[in-house]
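In this note's numbering, the protein residues as written are 259 to 533. Below: the structure, in structure tokens.
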């Protein structure tokens with residue numbers, strides 16, 4: 259079966275087989291038992307276990323499976339239905355455990371658009387869950403800065419809270435292809451930040467004109483969520499960049515909470531590739 263991925267060694271197309279991926283040059287990549295494939299060359303790995311570790315992947319999966327971010331999930335699916343062409347090749351760059359990938363794919367299938375979809379992430383622990391969540395999507399360990407995807411392959415590229423690898427994204431997008439870029443709104447998780455920091459500040463919101471991309475719209479997704487227990491609060495905390503840079507005092511205050519109501523706010527920037 260023809261794959262959306264290409265060989266990370268010679269850049270030729272890959273054939274997706276039952277237990278491996280194979281390119282015409284004979285480079286072979288085994289599929290893990292969970293269903294994903296490892297396409298990050300050893301000389302480009304900066305650690306033995308890159309990306310989210312097992313504990314963080316478990317926390318993220320537990321939180322997202324509670325549908326606390328369902329408004330964002332549903333908004334992405336609606337935009338995909340509105341913009342993506344029939345038979346689109348779709349790439350989720352930084353897909354994590356596949357929560358958004360699976361929802362977007364299923365919405366397009368149900369809408370009669372018959373997409374082909376792939377997702378990449380650095381964390382094998384997250385991809386184990388992603389591959390089980392939706393078996394029809396291809397998932398690979400890979401970097402968003404060096405995507406194992408051919409030039410001009412993707413009709414739609416989704417980037418949800420992942421690094422902006424603009425040159426690489428422009429390379430893999432077809433002319434006229436779509437780019438969905440999800441970033442936090444000004445007051446995203448404001449009440450959580452009030453616990454963590456004495457003087458929290460809002461996230462910056464702006465329109466950034468990227469070379470080679472034309473704005474179509476910015477979809478605003480706002481709401482509030484109730485976190486019912488310390489486990490859920492801790493799971494969310496581990497998903498945020500604050501987990502790495504919060505002073506011990508702030509983290510300790512958060513660990514003492516038994517529930518929390520907080521704002522959620524997302525901005526989906528929708529672009530079309532020019533040329």
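No residue lacks a Cβ here, since even glycine has one placed at the ideal position from N, Cα and C. Since the model is a prediction, treat every value here as computed from it, not as a measurement.
For residue j and residue i, the rounded distance between their alpha carbons
| i | j | result |
| --- | --- | --- |
| residue 395 | residue 359 | 8 Å |
| residue 476 | residue 284 | 44 Å |
| residue 296 | residue 289 | 7 Å |
| residue 406 | residue 493 | 31 Å |
| residue 501 | residue 495 | 6 Å |
| residue 467 | residue 273 | 37 Å |
| residue 275 | residue 281 | 11 Å |
| residue 488 | residue 390 | 27 Å |
| residue 403 | residue 436 | 18 Å |
| residue 417 | residue 345 | 20 Å |
| residue 326 | residue 461 | 20 Å |
| residue 420 | residue 517 | 28 Å |
| residue 294 | residue 320 | 20 Å |
| residue 260 | residue 458 | 49 Å |
| residue 456 | residue 511 | 11 Å |
| residue 513 | residue 262 | 43 Å |
| residue 429 | residue 409 | 5 Å |
| residue 484 | residue 309 | 28 Å |
| residue 299 | residue 367 | 33 Å |
| residue 264 | residue 425 | 18 Å |
| residue 379 | residue 279 | 17 Å |
| residue 371 | residue 509 | 45 Å |
| residue 506 | residue 271 | 48 Å |
| residue 397 | residue 486 | 32 Å |
| residue 287 | residue 519 | 45 Å |
Residue i, buried or exposed, once every other Cβ within 10 Å from all chains shown has been counted against 16
| i | result |
| --- | --- |
| residue 268 | exposed |
| residue 453 | buried |
| residue 352 | buried |
| residue 373 | buried |
| residue 434 | exposed |
| residue 266 | buried |
| residue 401 | buried |
| residue 342 | buried |
| residue 473 | exposed |
Beta-carbon spacing of residue i, residue j below 7 Å
| i | j | result |
| --- | --- | --- |
| residue 357 | residue 392 | no |
| residue 470 | residue 532 | yes |
| residue 412 | residue 350 | no |
| residue 528 | residue 438 | yes |
| residue 441 | residue 530 | no |
| residue 521 | residue 445 | yes |
| residue 354 | residue 335 | no |
| residue 431 | residue 415 | yes |
| residue 369 | residue 339 | yes |
| residue 381 | residue 315 | yes |
Candidates the options, of which the one nearest residue i by Cα
| i | options | result |
| --- | --- | --- |
| residue 318 | 399, 369, 497 and 350 | 497 |
| residue 515 | 503, 530 and 490 | 490 |
| residue 478 | 323, 291 and 330 | 330 |
| residue 311 | 386, 462 and 325 | 386 |
| residue 443 | 509, 433, 464 and 423 | 464 |
| residue 365 | 458, 293 and 333 | 333 |
| residue 450 | 328, 523, 286 and 279 | 523 |
| residue 399 | 376, 508, 361 and 409 | 376 |
| residue 388 | 410, 298 and 291 | 291 |
| residue 323 | 271, 287, 299 and 361 | 361 |
One or two residues paired with residue i in a DSSP bridge
| i | result |
| --- | --- |
| residue 524 | 442 and 479 |
| residue 296 | 399 |
| residue 491 | Answer by DSSP bridge pairing: none, since residue 491 is not bridged. |
| residue 529 | 437 and 473 |
| residue 417 | 439 |
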